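Note that the protein sequences, when read in sequence, are chains A and B.
Take 1 as the starting number for the first sequence in the numbering used here and just add one per residue.
Take 1 as the starting number for the second sequence in the numbering used here and just add one per residue.
Virtual Cβ for every residue (Gly too), placed ideally from N, Cα, C.
None of the values given here were measured: they were computed from a predicted structure.
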Amino acid sequence: SAVISQKPSRDICQRGTSLTIQCQVDSQVTMMFWYRQQPGQSLTLIATANQGSEATYESGFVIDKFPISRPNLTFSTLTVSNMSPEDSSIYLCSVAVLTGKETQYFGPGTRLLVL
Amino acid sequence: GENVEQHPSTLSVQEGDSAVIKCTYSDSASNYFPWYKQELGKRPQLIIDIRSNVGEKKDQRIAVTLNKTAKHFSLHITETQPEDSAVYFCALPGPGTYKYIFGTGTRLKVLA
Chain A
1 SAVISQKPSR
11 DICQRGTSLT
21 IQCQVDSQVT
31 MMFWYRQQPG
41 QSLTLIATAN
51 QGSEATYESG
61 FVIDKFPISR
71 PNLTFSTLTV
81 SNMSPEDSSI
91 YLCSVAVLTG
101 KETQYFGPGT
111 RLLVL
Chain B
1 GENVEQHPST
11 LSVQEGDSAV
21 IKCTYSDSAS
31 NYFPWYKQEL
41 GKRPQLIIDI
51 RSNVGEKKDQ
61 RIAVTLNKTA
71 KHFSLHITET
81 QPEDSAVYFC
91 ALPGPGTYKY
101 IFGTGTRLKV
111 LA
């Protein structure tokens, strides 16, 4: 499995501001994903981060609100823009190494509180 | 699209008893079925997975069974211990993709 780190681990932000979350993997991976986990809830996929091209967003998530970058095979960022209290969640990146299994491994998450 | 239902939402068992969590899905093309454990404040971690060419897989006290005809797969934990207390999620890659759809989660409490 890959070693995945995220920064920051937590943050408290004011409404109307933006926060960029970083995800770093210790090896080259094919697929990177960003999830949101609201308090006490399951994981919801925000988007697939594509290397060198625009991310693929799931229904209900848009690029203007959640811009994503993936400049190479080991790094991605998710920005939460123009934040409101409803954006308070845990944001997790995950990676999949496509070696015949579709297994995803998760980063430690970023706990975001918007006041 | 694919749909995953997970039951029960909460489960309390006495230490040493068994726990069973079930997920039902809709797309018969699904062929990979992972289970994740998420302890409080931590990341989801893969604990066991199964492919559709086998019906059961065991790893010590944990097992996963798959019934493709009925479209459900279950997590079995035997001889439960307090450290098994966590939220468990089933997941399902969407057909033809590597994107996961997660079940709603089961909060397991093992009572000492």
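Distance from the CA of residue 113/A to the CA of residue 81/A, rounded to the nearest whole angstrom, comes to 13 angstroms. Residue nearest to residue 89/B within the set 10/B, 37/B, 18/B is 37/B (criterion: CA-CA distance). If you compare the alpha carbons of 108/B, 43/B, 109/B, 93/B with that of residue 3/B, the shortest gap goes to 93/B. Taken in chain order, the members of the stretch 25-50 of chain A whose beta-carbon sits within less than 9 angstroms of a beta-carbon on chain B are 30, 31, 33, 35, 37, 40, 41, 42, 43, 44, 45, 48. The continuous beta strand (DSSP E) containing residue 79/A extends over residues 75-80.
Here residue 27/B carries a coil assignment [DSSP, helix/strand/coil]. Rounded to the nearest angstrom, the gap between the Cα atoms of residue 28/B and residue 34/B is 16 angstroms. Take residue 87/B, set aside five residues on each side of it, and the residues of its chain with a beta-carbon closer than 6 angstroms to its own are 38, 105, 107, in chain order. Listed in chain order, the positions of the stretch 20-43 of chain B with a beta carbon within less than 7 angstroms of a beta carbon of chain A are 32, 34, 43. Nearest C-alpha to residue 69/A among 60/A, 62/A, 79/A, 61/A: 79/A. In this structure, residue 45/B and residue 23/B do not form a Cβ contact; the two beta carbons are roughly 17 angstroms apart against a cut-off of 8 angstroms. Counted as a single uninterrupted DSSP element, the beta strand (DSSP E) harbouring residue 36/A occupies residues 31-37. Residue 97/B and residue 14/A have their alpha carbons spaced roughly 37 angstroms apart.
No Cβ of chain B is located within less than 7 angstroms of the beta carbon of residue 52/A. Residue 25/B holds the alpha-carbon nearest to the alpha-carbon of residue 101/B among 25/B, 53/B, 84/B, 43/B.
Beta-bridge pairing by DSSP links residue 44/A to 36/A.
A direct Cα-Cα distance of roughly 37 angstroms separates residue 22/A from residue 53/B. Our two residues, residue 4/A and residue 28/A, have alpha carbons roughly 11 angstroms apart in a direct line.
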